[in-house]
Each structure stands twice: as C-alpha cells, then as structure tokens.
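Q: Position one of the sequence shown corresponds to residue 964 (this note's numbering), numbered consecutively onward.
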Amino acid sequence: GENPHQAAAYYSEPLTKVTSVTQAEIIQGKQLSYNNIMDADAALRIVLEFDQPAATVIKHTNPCGTAIAADITTAFTKAYEADSLSAFGGIVALNRTCTQEIAEYLNKVFVEVVLAPDFTEEAVALFAKKAKVRLLRLGELRAPTLVWETRKILGGTLVQESNTYRLQSHDLNVVSEAQPTAEQMTDLQFAWTVCKYVKSNAIVLAKDGVTLGIGAGQMSRIDSVNIAIAKAQQADNNKRKTAGAVLASDAFFPFRDSIDAI
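Pasting the structure below:
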C-alpha cells in the first residue's frame, strides 16, 4: 500500500484496448507497489499525449521533466536533465523503444521504474546489472478513449468523464497586442499538454519542446509561479537559456503579482 501498514491490490480490465500499466510485461525488478503503479500510470498518460518521440520523469504523480524530440534518446536526455535533482528515484516513461544509450544513462542514476513500448536487447542486458529496477514492456501504444472515471469519497463516489481532449490551435484566442511566434505557439501547446498532468496550482515553463521549470500543487498560484521560475533560472545557470520561453497555467491569474513575477 501507499504506507507500510496499508493492504493494497490492483484490478485490471482485461477487455480494454487502452495501453495500461496493469497489462504490461514485467521484464525484471521488484514487485510493483501502490505508489509505483500510481506514478507509472501518471507517466504513461503524459507520453501517450504525443505523436512524436516523448519522455517524462515522474515523482509523486507530478512530472519533474518532460520533453519531445526527433528521437527518443534525445527526448529522454532532455527530460531527465530538465530537473535531474528532482528526478532522483523517479519513474521514467518513453513512447518509443528504450535504447542502449538510455539504459547506459539510467545505470548511472537511481530510478524506480522504466516503462516503454519495448527495450532493445542491449538495453535489457545493461539493466540486468541493476536487478531491482522495474522494467515494464507496454507493447503497442494505444491512446486512451473517453471513459467514466471514479473516485471514492467518504459516503459516496465521484464520477466524471476522463479528460482525453487534445488542445488544438483553433482553441487558442490571442488577446494581446504582441503575437506569439509559430515556435512559441508550438511550445505553448506542449506546455499546456504537460500542465494537464501537473497538480494544481500548476505552472509549466517550456522552450524548444522541453520543460524548464514546473511549479506544482501549491495552495497559492504565485507560489507555483515562483517555484517554476526558480527551476527555470536554475536551468539558465546550467546554460540552457530561458529567454523566449513560454508559460502555461491551468487557470487564470486572479492578481497581477504572478504576471509581475513572470
């Protein structure tokens, strides 16, 4: 369970056509815990959003870093190095076959779970040196379909439609005099996609298909903004310049303090 004193179980839906952690082939590693499955599912949901090669690193169901690129090794490297400090002990998800280069990188750090559609033979051989790391082979990836999601509350159950909608360019309404460039608009759509999987209050700073700073789960939106900016400034110090970056929020800014900080 989530804590050592809690019993737990998981139930799979064998007739479902969607890609699922519960139906993945476990190549190696320790038994999956409640937390492992929760985080692995959160990671899987993010990489399923993208058609291009995508990678994410998850801690406590929030992304530390997410990236898209022309190839999966580059996407992974950018995602992990977006916030390598937070990525320690995280869950890594890929939407392409895990390469030998990714396995070599992950053998030098500590991660709990790696999930991907497949793993090269060389990658599997390398991971065998770290037998406790859980490897999940997902097989063919299928995007989730609209379903009813439930959440238990005291004395009842909440039910709502799953959020499977992908933001489209025609959804966006530019109200500022300054018009975003095509590159900024692409980055904004990427950032809002990631923002969908960040706990509210959620703020995502991104540039060139990589998250630079993420502020998650704060009670005050300005606190989330400040955390995201601090992460991005740390990235700036690491020579990944943030000039021209974009920012996505999961809701409106009620006061101008966040705008001033941005």
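Beta carbons: idealized from backbone N, C-alpha and C, even for Gly. Just so you know, these numbers come straight off a predicted model, no measurement behind them.
#1: Can you grab the Cα-Cα spacing for the pair residue 986 / residue 1047, in whole Å?
#2: Looking at C-alpha atoms only, which residue of 1096, 1064, 1074 is the closest neighbour of residue 1084?
#3: Using 8 angstroms as the threshold, is the region 975-985 in touch with the region 1029-1046, meaning 3 or more CB pairs across them?
#4: What does the Cβ neighbour count give for residue 964, buried or exposed, with the cut at 16 atoms within 10 Å?
#5: Whose C-alpha, out of 1171, 1175, 1184, is nearest the C-alpha of residue 1044?
#6: Sorry if obvious, but does the Cβ on residue 1073 come closer than 7 angstroms to a heavy atom of the ligand NAD?
#7: Excluding sequence positions up to five away, which residues of its chain have a Cβ less than 6 angstroms from the Cβ of residue 1057?
#8: Please go through the same chain and pick out, in chain order, the residues whose beta-carbon is closer than 6 angstroms to the beta-carbon of residue 1154, but skip the five residues on each side of it.
#9: Mind the definition here: the region 1070-1079 touches the region 1003-1010 only if three or more C-beta pairs lie below 8 angstroms; say whether that holds.
#10: Evaluate the contact criterion for the region 985-999 versus the region 1097-1104: three or more CB pairs, one atom per stretch, below 8 angstroms.
#11: Might you give, ordered along the chain, the residues of its own chain that have their beta carbon closer than 8 angstroms to the beta carbon of residue 1220, omitting 5 neighbours on each side?
#12: Which one of 1140, 1164, 1136, 1163 has the shortest CA to CA distance from residue 1152?
#13: Whose CA, out of 1172, 1195, 1200, 1162, lies closest to the CA of residue 1183?
#14: Flag this pair as yes or no: are the beta carbons of residue 1068 and residue 1113 separated by less than 8 angstroms?
#15: Suppose you measure from the CA of residue 1206 to the CA of residue 1014; what does that come to, to the nearest Å?
#16: Out of curiosity, what's the CA-to-CA distance linking residue 976 and residue 1111?
#17: Mapping DSSP to helix, strand and coil, what is residue 1114?
A: If we stick to the structure as given:
#1: 29 angstroms
#2: The residue with the shortest Cα to Cα distance from residue 1084 is 1064.
#3: Flag = no, the region 975-985 and the region 1029-1046 do not touch.
#4: exposed
#5: 1175
#6: Among the components modelled here there is no ligand, and therefore nothing to report on the ligand NAD.
#7: Around residue 1057: 1018, 1035, 1079.
#8: 1167, 1169, 1209, 1211
#9: Verdict: yes, contact present.
#10: yes
#11: 1185
#12: 1136
#13: Residue 1183 has its Cα closest to that of 1162, out of 1172, 1195, 1200, 1162.
#14: no
#15: 27 angstroms
#16: Each residue's alpha carbon lies about 14 angstroms from the other.
#17: Residue 1114 falls in the strand class under three-state DSSP.
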